[in-house]
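Chains A and B supply the protein sequences, listed in that same order.
When you line the first sequence up against the working numbering, it's residues 1 to 334, in that order.
When you line the second sequence up against the working numbering, it's residues 1 to 334, in that order.
Glycine included, C-beta positions come from ideal geometry on N, C-alpha and C.
Quantities reported herein were computed from a predicted structural model and do not represent experimental measurements.
Take a look at the structure below.
There are 2 protein chains.
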Amino acid sequence: MAMGEFDLIDHYFRPLQRPAGRNAADIVTGIGDDAAVLAVPAGFQLVAALDTLVEGVHFPVGSPARSIGHRALAVNLSDLAAMGADPAWYLLSLTLPRIDEEFLGELASGMQALADRHDIALVGGDTTRGPLSVSVQALGLIRPGEALLRAGGGAGDLLFVSGSTGDAAAGLQLEMRGSAGSLTDADGNPAAHALRQRFLYPAPRVALGRALRGLASACIDVSDGLAADALKLATASGLGVRVEADRLPLTAALRATSGEEKGLFQALSGGDDYELCFSVTATRLPELAERLLTADCAATCIGVLESEPGLRVVRDGRMLNLPSAGFDHFTGSD
Amino acid sequence: MAMGEFDLIDHYFRPLQRPAGRNAADIVTGIGDDAAVLAVPAGFQLVAALDTLVEGVHFPVGSPARSIGHRALAVNLSDLAAMGADPAWYLLSLTLPRIDEEFLGELASGMQALADRHDIALVGGDTTRGPLSVSVQALGLIRPGEALLRAGGGAGDLLFVSGSTGDAAAGLQLEMRGSAGSLTDADGNPAAHALRQRFLYPAPRVALGRALRGLASACIDVSDGLAADALKLATASGLGVRVEADRLPLTAALRATSGEEKGLFQALSGGDDYELCFSVTATRLPELAERLLTADCAATCIGVLESEPGLRVVRDGRMLNLPSAGFDHFTGSD
């Protein structure tokens, strides 16, 4: 017997209302009413992000349900991280072509594992029939004045990126080619496996976002490609940016799989990294070093904000011409 | 030249950030950063709803863009209304098969007209390419303890519905049959026109929701059919419900177009009404009358909450058997 919409929500998603560590007292009314009622603690502002993943656009047709659930929440957590916010609650709007209980179970479980890690509670949403897509709306909390904006950078501020970029783009390419896990893993190619995992299960930089509060002059999450997102940060700050391509932290897996040239391009222009790109005034670098240690997160200085508008990518002292300013879902460049 | 994702958001949707009457001071950071930062006023709780409209499921293929924009926001405002909340902010996640500027302009303008009426500000979201669907996440405010829940009804409480139901279902049927406006209007059939408008441009009962605070014992918005939603309210309250079919407020347009029998069925089981269904203790009926006057909204007593679980629809003293418990997007009943 087919489960109805309401049973379905209950069965798979009600358990997500109570992640491991979260105090539930702030959820006045959760799943099951017309809307959620939430108590925002005194002294906090609300941070709200809404992002949708569409099959065939944000993930290949046939992606593992667990990855889809993970990524739908991760991209929103990444938005909260880029603001320096503490995740609190999320809502889920799920559009499915049909009820497939195994799919739903995997989707919910991918979402729950990530939600537990970041202590964010599901409080509502809806499900409907249609082409597969997943909208998540994440709500976070921050003290007034502490949000990391794109617009605060100053000329001369140093530009950093957390972790590494390019892996997810290379991983997506492997996924698209149908280099299924069994093949590459059996091939004994751990590099390919690592890259695919970076695409399928990105780790939003929530702890780093917190650590950068009151320190980073500007911050953005890297979803559309490092160069494009660095330019957005610079433009929002009324500045331009110079990126030193030689400094980009390419992983060994990326170098091994894509080679140096293509790997560099993927690190600059590939999407789906969900790292943080941020600027810091030079005088505060010692503080940054301390905070990175505390957050247990690596970051690399890759450039500098400059007063001349636009993006300049420099390699071996020469200007690189990037074929595109990054990934744009509409113009279709990649 | 195709507009990119970011220009597109800016051009059509940035104006929606500042509705006519709204004080913008509570929007600390709006459209254009990774997430919105919002100041929740002291003494208020947050009310959050997320609903998606999918082409071919929630509206017929080829629906007017203005109606799609209106309805995407309206269904969420209706959720806030059902909680008794004051609308404050919304986010929009738009999935479009292609950029069509006329479509976008109409969509934005349908959304803006309704947003202005209810003083709710667009603060963020995203756009992507894919099968047409619109997710709106609405945020409202309410004082602690004032939210109208589904769960508060008591046995013996009288059940009311605002306005009238069934018109939208009849209007949708006319839309689906392709009874285009030009035909029915030229026919001099204002009834058909009125029904179609009820489907295309539902009016969320925000003022009524406010007026019912501290008075209604339970409340739900009617989106899946009056009988099904009344049963949801009763079940959440640990009760059952008896609906007197003869009391249902069918409009003259519905009677004229659908006839008495089918009209009654549509009023009971049709979806998309976005009226409020609520319960009130009998001793407080004088207060209800006053508040309905203040809110300038009609409501009709259609039944009573009873301790025996389940739904009983009675007509001329006999029990009616409803073919379905209402609209469910998955089981596909209508």
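Beta carbon of residue i nearer than 8 Å to that of residue j
i	j	result
B/L208	B/C297	yes
A/G140	A/A88	yes
A/V280	A/F160	yes
B/T128	B/A211	no
B/F59	B/L50	no
A/L174	A/R198	no
B/L73	B/L107	no
B/L158	B/A282	yes
A/L311	A/A216	no
A/R150	B/D86	no
A/S67	A/L200	yes
B/G214	B/I142	no
A/A24	A/Y90	no
A/S237	A/G105	no
A/I31	A/L122	yes
A/A65	A/F13	no
Per-residue burial, residue i [other beta carbons within 10 Å of its own, 16 or more giving buried]
i	result
A/L285	exposed
A/V134	buried
B/M335	The first residue shown for chain B is 1 and the last is 334, placing residue 335 of chain B beyond what the model contains.
B/P19	buried
B/A289	exposed
B/A245	buried
B/G259	exposed
B/A42	exposed
Proximal residues to residue i (C-beta, below 7 Å), its chain only, five neighbours per side dropped
i	result
A/E306	A155, L239, G240, V241 and R242
A/E55	V61, P131, L132 and S133
A/P144	Q45
A/A82	L148, G209, C219, I220, D221 and L276
A/L322	A227, L268, S269 and V313
B/K232	R150 and I220
A/K262	none
Per-residue DSSP class, three states only, for residue i
i	result
A/Y12	helix
B/A48	strand
A/I27	strand
A/R312	strand
B/A267	helix
B/E55	strand
B/E244	strand
B/D68	Per the sequence presented here, residue 68 of chain B reads as Ile, with Asp not at that position. Of the three classes helix, strand and coil, the one that applies to B/I68 here is helix, per DSSP.
B/L190	Inspection of the sequence shows that residue 190 of chain B is occupied by Pro rather than by Leu. Correct three-state label for B/P190: helix.
B/R98	coil
B/S63	coil
A/T127	strand
B/V222	strand
B/P87	strand
B/E146	coil
B/G43	coil
B/L335	Here chain B comprises residues numbered 1 to 334, so residue 335 of chain B is not present and cannot be evaluated.
A/L276	strand
B/S133	strand
A/T165	coil
B/E261	helix
B/A108	helix
B/R18	coil
Close Cβ partners of residue i (< 6 Å) along its chain, the five nearest in sequence each way excluded
i	result
A/Q112	L16
A/V28	V37 and A39
A/V136	A72, L73, N76, Y90 and L92
B/S162	R205, L208, E275, L276, C297 and A299
B/H70	G110, L114 and Y201
A/P249	S164 and T300
B/I120	P87 and Y90
B/R11	Correcting the residue identity first, residue 11 of chain B is His in this sequence and not Arg. There are no such residues.
Neighbourhood of residue i by C-beta distance below 8 Å, restricted to the same chain and skipping five residues each side
i	result
B/V304	G156, D157, L158, L159, V241 and R242
A/F330	In this predicted model, A/F330 has a pLDDT of only 41, less than 50, meaning its place in the structure is not dependable; the value taken from the coordinates is given anyway. The answer is none, since no qualifying residue turns up.
Inter-stretch contact at 8 Å, needing at least 3 Cβ pairs: the segment 188-208 of chain B / the segment 76-83 of chain B: Because the criterion of three Cβ pairs below 8 Å is met, the segment 188-208 of chain B and the segment 76-83 of chain B touch.
Cβ contact (3+ pairs, closer than 8 Å) linking the segment 45-56 of chain B and the segment 37-44 of chain A: Taking 8 Å as the limit for Cβ pairs, the verdict is that the segment 37-44 of chain A does touch the segment 45-56 of chain B.
Meets three-Cβ-pair contact criterion under 8 Å: the segment 248-255 of chain A and the segment 164-172 of chain A: Yes: at least three Cβ pairs fall under 8 Å.
Sufficient close CB pairs (3 or more, under 8 Å) joining the segment 219-228 of chain B to the segment 259-278 of chain B: Between the segment 219-228 of chain B and the segment 259-278 of chain B, the count of C-beta pairs closer than 8 Å reaches three or more; the two stretches touch.
Validate contact between the segment 96-110 of chain B and the segment 314-324 of chain A using beta carbons, cut 8 Å, 3 pairs: Result no; under three Cβ-Cβ pairs closer than 8 Å.
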